[in-house]
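A.B. asks: I'd like to ask you about the structure that follows.
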Amino acid sequence: MRTELEKTLDQLHLQLQDVSELDEDEREQLRETIAKIKSSLDESEVNSHSLATGLQTATQSFSDTHPKLTENLGRVADMLSQMGI
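Numbering (numbering that gives the first Met the number 0) for the sequence shown: 0 to 84.
Written out as structure tokens, the structure reads:
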């Protein structure tokens with residue numbers, strides 16, 4: 000599951016580079032969320048509330064304008080949930 004999550008995060012990062020319609024604040028918000036998730040995979044204690052809030056905010060921000068990003072954010076949230084995070 001972890002490998003699949005890392006792969007999805009990498010895909011999300013690549014998508015982020017290709018989406019020209021994002022303003023810099025949105026782009027940075029998503030970068031920070033991806034970085035937090037990646038770093039949390041190596042920690043013994045994960046602040047799941049912080050991760051959930053970041054994903055929820057990003058999903059709400061992009062749901063109308065960037066459906067593919069939203070889909071991948073949803074997959075990340077599902078994987079984290081399945082991992083108990």
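Here a beta-carbon is modelled for each residue, glycine too, at the ideal position from N, C-alpha and C.
Helix, strand or coil for Thr64 per DSSP?
C.D. replies: Note: Thr64 maps to coil in three-state DSSP.
A.B. asks: Return the chain-ordered list of same chain residues with a C-beta closer than 8 Å to the C-beta of Glu5, the five sequence neighbours on each side being excluded.
C.D. replies: Lys37, Leu40.
A.B. asks: What are the boundary residues of the alpha helix (DSSP H) that Ile33 is part of?
C.D. replies: That run of the alpha helix (DSSP H) goes 23–39.
A.B. asks: Measuring CA to CA, which of Gly73, Thr2, Gly53 is closest to His30?
C.D. replies: According to the sequence displayed, residue 30 carries Arg and not His. When each option's Cα is compared against that of Arg30, the closest is Gly53.
A.B. asks: For Gly148, which of helix, strand or coil comes out of DSSP?
C.D. replies: The chain is shown from 0 up to 84; residue 148 falls before or after that span and cannot be answered.
A.B. asks: Quick check on DSSP: helix, strand or coil for Val75?
C.D. replies: Reduced to three states, the DSSP call for Val75 is helix.
A.B. asks: Between the C-alpha atoms of Thr2 and Lys35, what's the straight-line distance to the nearest angstrom?
C.D. replies: Near 16 Å, if we compare the C-alpha coordinates of Lys35 and Thr2.
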